[in-house]
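The numbering of the sequence shown is the numbering used here, which starts it at 1 and goes up by one.
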Amino acid sequence: MKSIRIRVFATFFGTILGVFLILAALAVYYLGMSIEVNSAEAMQRLSKEKTVELNTYFTGVERAVGSLEDYLLTTVDSRSYHVSSAYRQKIYDDLEARAVSAASIINIAESVYFRPDPKMYGETAGFFLTKTDDQTLKSLTPTNLLAYDEADTEHVGWYYKPIENGGPLWMEPYSNANVGMYMTSYVVPVYLGNDFLGIVGMDLDMTLLHQTIDQQSYADSVGALISQNGNLLYHRDYPGGVLKEEFTGELLQESAYFAEEYAGTGTAYQYISDGSAYRVIVSRLGNGMLFAVSVPESALFSLRNGMLIQLILIFIAALAIVLAISIRLTGRIVSPIRELTEASARIAKGELGQEIEYHSDDEIGSLADSIRKITVELKEYIDYIHGQAYLDVMTGVRNKAAYLEEEARLERLIFEKMASFTIYVFDVNGLKRMNDSKGHEYGDMLLKDAALSLRAVFGSNQVYRIGGDEFVALAKETAPDEIERQFARFTEHLRIFNIENDKYDEELSISMGAATYEPETDTEFASVFARADEAMYRCKEEYYQTHGDRRRRS
Numbered sequence: 001m002k003s004i005r006i007r008v009f010a011t012f013f014g015t016i017l018g019v020f021l022i023l024a025a026l027a028v029y030y031l032g033m034s035i036e037v038n039s040a041e042a043m044q045r046l047s048k049e050k051t052v053e054l055n056t057y058f059t060g061v062e063r064a065v066g067s068l069e070d071y072l073l074t075t076v077d078s079r080s081y082h083v084s085s086a087y088r089q090k091i092y093d094d095l096e097a098r099a100v101s102a103a104s105i106i107n108i109a110e111s112v113y114f115r116p117d118p119k120m121y122g123e124t125a126g127f128f129l130t131k132t133d134d135q136t137l138k139s140l141t142p143t144n145l146l147a148y149d150e151a152d153t154e155h156v157g158w159y160y161k162p163i164e165n166g167g168p169l170w171m172e173p174y175s176n177a178n179v180g181m182y183m184t185s186y187v188v189p190v191y192l193g194n195d196f197l198g199i200v201g202m203d204l205d206m207t208l209l210h211q212t213i214d215q216q217s218y219a220d221s222v223g224a225l226i227s228q229n230g231n232l233l234y235h236r237d238y239p240g241g242v243l244k245e246e247f248t249g250e251l252l253q254e255s256a257y258f259a260e261e262y263a264g265t266g267t268a269y270q271y272i273s274d275g276s277a278y279r280v281i282v283s284r285l286g287n288g289m290l291f292a293v294s295v296p297e298s299a300l301f302s303l304r305n306g307m308l309i310q311l312i313l314i315f316i317a318a319l320a321i322v323l324a325i326s327i328r329l330t331g332r333i334v335s336p337i338r339e340l341t342e343a344s345a346r347i348a349k350g351e352l353g354q355e356i357e358y359h360s361d362d363e364i365g366s367l368a369d370s371i372r373k374i375t376v377e378l379k380e381y382i383d384y385i386h387g388q389a390y391l392d393v394m395t396g397v398r399n400k401a402a403y404l405e406e407e408a409r410l411e412r413l414i415f416e417k418m419a420s421f422t423i424y425v426f427d428v429n430g431l432k433r434m435n436d437s438k439g440h441e442y443g444d445m446l447l448k449d450a451a452l453s454l455r456a457v458f459g460s461n462q463v464y465r466i467g468g469d470e471f472v473a474l475a476k477e478t479a480p481d482e483i484e485r486q487f488a489r490f491t492e493h494l495r496i497f498n499i500e501n502d503k504y505d506e507e508l509s510i511s512m513g514a515a516t517y518e519p520e521t522d523t524e525f526a527s528v529f530a531r532a533d534e535a536m537y538r539c540k541e542e543y544y545q546t547h548g549d550r551r552r553r554s
C-alpha cells in the first residue's frame, strides 16, 4: 500500500513534470517562431539593401539618358537636322557636352553615346565617349555601323536591338567587342514624331556591379543576378554566368525560384542542397533583371540552436530542482511554480518585456534568474539584429543601408514639398597612399579616427559611411552660417586631435563639402548631393595641390 506522502508526491511531481514538458514545448515552438520571423526580416532587409543600391545605379542611368533624349526632342528642328550638316554637328557637340555632365555623377558609367542613322548621315556620325584610367571621359571615333551585320550583337546589337524593340531597352549583359568589356547597356531610340533621330545610350561596366553584389553584410550570404528568362548572369561561384538548361547541383535547386512569380514577394524560400538547407529571397530590379540572395539556414538559425540547447539544459536543471524540493516542500512550491509558468508562457509567446517578480535565494529563485537571463539574451540578440542592419561595424557610424533608407525618406519629402536639409560630404585625404605604404590596418585606424571626429561634431545618428573613405552627415539646419559654424567646429576638432595624437607620422586630413536643399531648383536628392560632392572635391583638389599628391576621382 502506497503512503499518502508518496501519492501526494507522485501526483504533485507528475503534474509539475507535465507542466514543464508543455512549457518546454511552447518555449521551443514560440522561440522558433520568433527567430524565424526575425531571420526572415533580416533577409528582407538584406535583399532590400542591395536592390535599392543596384536600382540606384539603373535609375541614375535611365535619368541621365532620359535627359539627353529630352534635349533632342525639345531642341532639334527636324528640317534643319536633315538638310544641314553644320546644324547636326552643333546638335552633336551640344549633346556631347551634356553627356559628359550626365555621366560624371554615375560612377559605374563606362561610356555614353549618340548615333544617328548611318545610311543617312554617315557610318560614324554622332559621338562616343568612354572612360579612361583616370576616370575622365574621352571622345573616340564611333564604330562603323555599316561594317557589321545587324545581327552582330557584340558589335552593333546596342544600336539595332532598341530599334527592333521600338522603345527604351536594358540589354542583358554581353561582351562588347568594340571596347573589349563585359557590360550592360541602356539604349533609347529617339523619334521626333515619326522621324528617327538616332540612338542615345549609356554602358555600365558589369565588373563594378559584380562587386556591389558580392559585398554582402550578412554572414555566408551570396548574391546572384538573373536574366528575365531565368539564365544566371552572375554568381560568386559562377562569375561567367550559366544558361538555365545547364544548371546542376546546388544551383539547380536554387534556380527553381529564379522566376518572376517569386520575385518581390518578400518571402524567403527554402531549398535543400547536399543535405544542407538554404533560404533564398528574390527581388525585381528596375532594369527587368532579378536579384537573389541565398543564405544557409545554419547561419540564419545558429542562435536558435544554441538557445534550444540552453533551454533544454535549464529545463532539466529545473526538473531536478523541483524533484528535490517536492520531497520536502510540496505545498510551498505550488505558488511560485504557477507564477513562473505563467510568466514563461508569456515570454515564450514573444512578450520579452515581461517582468519576473519572484526573487529568492533558493532553487526556484535560480530558475527565475535563468529565465530572466534567457529573456535578456533573446531581447539583446533581436536588438542586435536590428542594430547590425544599419551599423558600419568598423567605424561605429551608420552604414550604406541606413543612408539609402534616409535618402529615400528625403526623396519623399522633396516630392511632398516638405524637405529641409543640408548634406555634408567628407573624404579622408591620402588614404590610398597610407594603405599602400603602411598597410590597411593603418588605413583602418585613420578611418576610425575620422569617424570619431565626425561623431563628435555631428552626432552618431547623423553620420553615414557610404564608401571606403567617404562619409556623409545629414542635418536639418539649412542656414548658410550654420554650415560655416559646423565646418569651423570640425576643423578645430581636427586641429586639436592632430596636436594631441601621436599615432600618425602626419596629420589626419579630411576634405569636406556641403550643399543645402533648394526647393526652387532641386527636384531630387541626387542634385543636392552632387553639389556637396563637387564642393568636397574642390577642397580635395586644394589639398593635393599643396601636398604634391594625386588621387583618382571615382
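Note that beta-carbon positions come from the ideal geometry of N, C-alpha and C, so glycine has one too.
The structure presented is a predicted model; accordingly, all values stated were derived computationally and were not measured.
By Cβ distance, which residues of its chain are closer than 6 Å to residue i, with the 5 residues on each side in sequence left out?
i, result
"tyrosine 517", "Ala419, Phe421, Val528"
"phenylalanine 128", "Tyr113, Leu140, Pro142"
"asparagine 176", "Met183"
"histidine 235", "Ala224"
"tyrosine 278", "Tyr271, Ser294, Pro296"
"valine 188", "Val65, Glu69, Pro168, Val200"
"asparagine 231", "Leu243, Lys244"
"alanine 318", "Leu367"
"asparagine 435", "Gly443"
Apart from the five residues on each side of it in sequence, which residues of its chain come closer than 7 Å, Cβ to Cβ, to residue i?
i, result
"serine 80", "Tyr87"
"lysine 476", "Ser420, Phe421"
"glycine 198", "Phe114, Arg115, Pro116, Asp117, Gly126, Val190"
"glutamine 462", "Ala473, Leu474, Ala475"
"leucine 192", "Leu73, Val76, Ser78"
"methionine 43", "Ala268, Arg279, Ile281, Val293, Val295"
"glutamate 154", "Tyr174, Ser175, Asn176, Ala177"
"glutamate 406", "Leu474"
"glutamate 62", "Tyr186"
"arginine 552", "Here the model assigns arginine 552 a pLDDT of 44, short of 50, so the residue's position is not dependable, and the following value carries that caveat. Closer than 7 Å at the Cβ level, and outside the excluded window around arginine 552, lie Asp134, Gln135."
Using the C-alpha atoms, what's the distance from residue j back to residue i?
i, j, result
"alanine 456", "serine 437", "29 Å"
"glutamate 159", "glutamate 53", "For the record, residue 159 in the displayed sequence is tyrosine; it is not glutamate. Roughly 28 Å separates the two Cα atoms."
"aspartate 505", "leucine 446", "12 Å"
"aspartate 70", "aspartate 133", "30 Å"
"glycine 316", "serine 366", "The question names glycine, but residue 316 is isoleucine in the sequence shown. Cα to Cα, isoleucine 316 sits roughly 13 Å from serine 366."
"glutamate 534", "phenylalanine 471", "14 Å"
"glycine 166", "tyrosine 269", "37 Å"
"tyrosine 537", "glycine 513", "8 Å"
"glutamate 41", "threonine 56", "22 Å"
"valine 83", "aspartate 94", "18 Å"
"serine 460", "lysine 161", "49 Å"
"serine 276", "glycine 241", "23 Å"
"isoleucine 496", "isoleucine 483", "20 Å"
"glycine 266", "leucine 285", "14 Å"
"asparagine 229", "leucine 404", "29 Å"
"valine 156", "lysine 400", "37 Å"
"asparagine 501", "isoleucine 91", "57 Å"
"glutamine 486", "serine 111", "38 Å"
"histidine 547", "asparagine 429", "10 Å"
"tyrosine 424", "tyrosine 464", "10 Å"
With a threshold of 8 Å on Cβ separation, who are the neighbours of residue i within its own chain once the five nearest residues in sequence on each side are excluded?
i, result
"lysine 119", "Leu146"
"glycine 249", "Ser273, Asp274"
"serine 554", "Unreliable positioning characterises serine 554 in this predicted model, as indicated by a pLDDT of 41, which lies under 50. A coordinate reading is not provided."
When you compare each of the options to residue i by their alpha carbons, which one comes out closest?
i, options, result
"alanine 263", "His547, Ile499, Pro519, Lys48", "Lys48"
"leucine 508", "Ala450, Thr59, Gly166, Gly180", "Ala450"
"serine 185", "Glu542, Gly60, Thr265", "Gly60"
"leucine 454", "Ala10, Gly396, Ser101, Leu410", "Gly396"
"alanine 402", "Ile312, Ala99, Tyr390, His493", "Tyr390"
Which two residues bound the contiguous alpha helix (DSSP H) that contains residue i?
i, result
"valine 528", "525 to 547"
"aspartate 481", "480 to 500"
"threonine 184", "Per DSSP, threonine 184 belongs to no alpha helix (DSSP H); it is in the beta strand (DSSP E), 181 to 192."
"arginine 398", "From DSSP, arginine 398 is part of no alpha helix (DSSP H); its letter is neither H nor E."
Could you tell me whether any Cβ in chain B is nearer than 8 Å to the Cβ of residue i?
i, result
"leucine 410", "Going by chain labels, chain B is absent from the structure shown, which holds only one protein chain."
Between which two residues does the beta strand (DSSP E) containing residue i stretch?
i, result
"aspartate 195", "195 to 205"
"glutamine 270", "269 to 273"
"proline 296", "290 to 296"
"glycine 513", "510 to 516"
"leucine 453", "At residue 453 the sequence reads serine, which differs from the leucine that was named. It is not in any beta strand (DSSP E) - serine 453 instead sits in the alpha helix (DSSP H) that spans 440 to 458."
"valine 428", "422 to 428"
Legend entry - Uninterrupted beta strand (DSSP E) stretches inside the region 41 to 99 (no shorter than 3 residues): none
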